[in-house]
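Numbering (this note's numbering), first residue to last: 51 to 391.
Don't be surprised by glycine CBs; every beta carbon is placed ideally from N, CA and C.
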């Protein structure tokens, strides 16, 4: 009976409950900077490899550019499918001298301007990370633009490479070859939150023997909470990709979503084919209902971790991230599908 109720609820009733304008993120989770973060001084290095590349015009200049950035070329291009530097030189020369690509490149100015916002967000985030972990070393930032010849985003503990051509948004002259429902992650505003989510992986500990759905849900939840702590005021939509309406609807229906997980014994499910239906990148979760957004297990794990923080105020973020016991986190969270009061 509960399963039928969930489907009908998400299919129709929610439309009436959120008939008002919910295009904005209605579920922003307010987080303050970590104590002492504002006083921390960091050196942020942003290297504009995009502008130096587009300043090249002759084959000799392109070769000099490739030779001068050997480590970058290896990480960004040669590990992304290109066989050798000769092939890369030919392709870069052709693309950068293509008028349509140069026109496309001009859109970086409209989306990023002089990169002050990017610099400010990264500075705030890295100050918080330094307050969280005094041993954290600020990675170098390298900006690239190649007409999708390289990767979208490469994050390591020493360098972060950003393919600007990917992050120009849905109105760009050209767009990445992804499904429409995946375009949210290429919103320029979603760039830094996603970097932080990836960086959270070095701190989020989990039990490798625990292959349950719950363990993976909690891991996602830790990553989202970490990212919002490092960059306070980050809207939920920029981390999980739900629209304001989807966030509002899911929040209202979370008791029914929770009921679906409980009734179908999904929390301790270990079958990868079942887990991916709720944790994988999909436009919807039809197993629950046609209006239920994809990756609903990630969102549910996020709520569990939030409730854990709320009901365990004496547990630090560091302790939470190190906690490998997903079941204990669930039980101590006291989350059972209820909305916040």
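The DSSP assignment places 157 to 162 and 166 to 182 as complete runs of the alpha helix (DSSP H) inside the region 151 to 228, in order along the chain (cut-off: 4 residues).
Around residue 173, the same chain offers 94 as residues with beta carbons nearer than 6 Å, after the five sequence neighbours per side are excluded.
Looking at the DSSP output, residue 110 shares a beta bridge with no other residue. DSSP places residue 97 within a strand segment (E or B) once states are collapsed to three. Each of 233, 181 and 178 was checked against the Cα of residue 202, and the nearest Cα belongs to 233. If you draw a straight line from the Cα of residue 292 to the Cα of residue 112, it is about 41 Å long. Short of 6 Å from the beta carbon of residue 189, and not among the five residues preceding or following it, lie these beta carbons of its own chain, in chain order: 208, 209 and 210.
Counted as a single uninterrupted DSSP element, the stretch harbouring residue 373 is not any alpha helix (DSSP H), since DSSP gives it neither H nor E.
It is roughly 50 Å from the alpha-carbon of residue 355 to the alpha-carbon of residue 114.
Comparing alpha-carbon positions, the option among 162, 352 and 127 lying closest to residue 204 turns out to be 127. Approximately 5 Å separates the beta-carbon atoms of residue 376 and residue 264; this is inside 8 Å, confirming the contact. For residue 119, the CB contacts under 7 Å within the same chain, skipping 5 residues up- and downstream, are 99 in chain order. Just so you know, the alpha carbons of residue 236 and residue 345 end up roughly 17 Å apart. Residue 368 sits in a helix when the DSSP states are folded into three classes. Proximity to residue 330 across 304, 266, 136 and 212 peaks at 266, based on C-alpha coordinates.
Residue 343 has 334 as its beta-bridge partners, per DSSP. DSSP, reduced to helix, strand and coil, places residue 296 within a helical segment of the structure shown. Comparing alpha carbon positions, the residue from 141, 219, 191 and 168 closest to residue 154 is 219. Counting only residues of its own chain and dropping the five nearest sequence neighbours on each side, residue 176 has a CB closer than 6 Å to the CB of 92 and 188. Taking 8 Å as the cut-off, the beta carbon of residue 349 is found no closer than this to the beta carbon of residue 302. Contact annotation: the region 360 to 373 does not touch the region 318 to 335, with fewer than three C-beta pairs closer than 8 Å. Taking each of 86, 96 and 214 in turn and checking the Cα distance to residue 182, the smallest one comes out for 86.
For residue 250 and residue 276, the gap between their C-alpha atoms comes out near 6 Å.
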